[in-house]
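The sequence shown maps to residues 7 to 162 in my numbering.
Glycine is no exception: its CB is placed at the ideal position from the N, C-alpha and C atoms.
All figures in this text were calculated on a predicted structure; none of them were measured in a lab.
Report on the structure given below.
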Amino acid sequence: MAATTDEVLRAPLVIEYPFRRTTGPVIGAFFTALREGRLLGIKAADGSVICPPQEYDPVSAEPLTELVLVGDTGTVESWTWVTEPREGQPFDQPFAWALVRLDGADTPMLHALDVASPDDVSVGQRVRVVWSEERTGAITDFHFALDSDEPTEASS
Numbered sequence: 007m008a009a010t011t012d013e014v015l016r017a018p019l020v021i022e023y024p025f026r027r028t029t030g031p032v033i034g035a036f037f038t039a040l041r042e043g044r045l046l047g048i049k050a051a052d053g054s055v056i057c058p059p060q061e062y063d064p065v066s067a068e069p070l071t072e073l074v075l076v077g078d079t080g081t082v083e084s085w086t087w088v089t090e091p092r093e094g095q096p097f098d099q100p101f102a103w104a105l106v107r108l109d110g111a112d113t114p115m116l117h118a119l120d121v122a123s124p125d126d127v128s129v130g131q132r133v134r135v136v137w138s139e140e141r142t143g144a145i146t147d148f149h150f151a152l153d154s155d156e157p158t159e160a161s162s
């Protein structure tokens, strides 16, 4: 007897991260800086700046230790639109996930970009960090918005 399509395509899936680890000196410093309203990158062996920082050089695998401050503005390198946000995502309304290369960094970071429409975002566009009023030292302490002369503190 042949299986139906539903039987073939169904499988239970549990996504979990069942263990904890310490943040260590690099990621711990990054999260501490987020709580303080600053963004850190780390110098790689070739002198490039990686943000968010990594503990080990992506080419040589040598430990990295030289943390550097990066800017709170950057350039959109790529993006995708989220029409229907899911539970746990940064916004309840549609938004973009964007790869943003912060000023002073050589690698982009993926983060939420608060824009009203996909027509409002494009590759090469300048964006700015918007800090949460209450920061806890988590990646959710900020999001990106279109760059303007407006203050970067959240108003709500």
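Checklist entry - Buried or exposed: which applies to D147, given that a residue is buried once 16 or more other Cβ atoms fall within 10 Å of its Cβ? => result Around the beta carbon of D147, 16 or more other beta carbons lie within 10 angstroms, which makes this residue buried.
Item to check | Bridge partners - T86, DSSP secondary structure assignment | outcome: W103, per the DSSP bridge assignment.
Next on the checklist: Which residue wins for smallest C-alpha separation from V136, given the options V129, D153, Q95 and A144?
Outcome noted: Out of V129, D153, Q95 and A144, the CA that lies nearest to the CA of V136 is found in D153.
Next on the checklist: Can you tell me whether S162 is helix, strand or coil according to DSSP?
Outcome noted: For S162, the predicted structure reports a pLDDT of 35, less than 50, and the residue's modelled location is therefore unreliable. The matter cannot be settled from this model.
Item to check | Whole alpha helix (DSSP H) elements within the segment 30-94, 4-residue minimum | outcome: Listed in chain order, they are 30-41.
Checklist entry - Counting pairs of Cβ atoms below 8 angstroms between the segment 52-70 and the segment 109-116, do you hit three or more? => result Remark: three or more beta-carbon pairs, one from each stretch, lie closer than 8 angstroms, so the segment 52-70 and the segment 109-116 are flagged as touching.
Item to check | Top-ranked residue by Cα proximity to L40, from A151, G77, I145 and F150 | outcome: Per the C-alpha coordinates, the member of A151, G77, I145 and F150 positioned closest to L40 is I145.
Checklist entry - Can you list the beta strand (DSSP E) stretches of 3 or more residues lying completely in the segment 119-150, in chain order? => result Listed in chain order, the complete beta strand (DSSP E) runs (minimum 3 residues) inside the segment 119-150 are 132-137.
Next on the checklist: With DSSP as the reference, identify every bridge partner of L152, one or two as the case may be.
Outcome noted: In the DSSP assignment, the residues bridged to L152 are V133.
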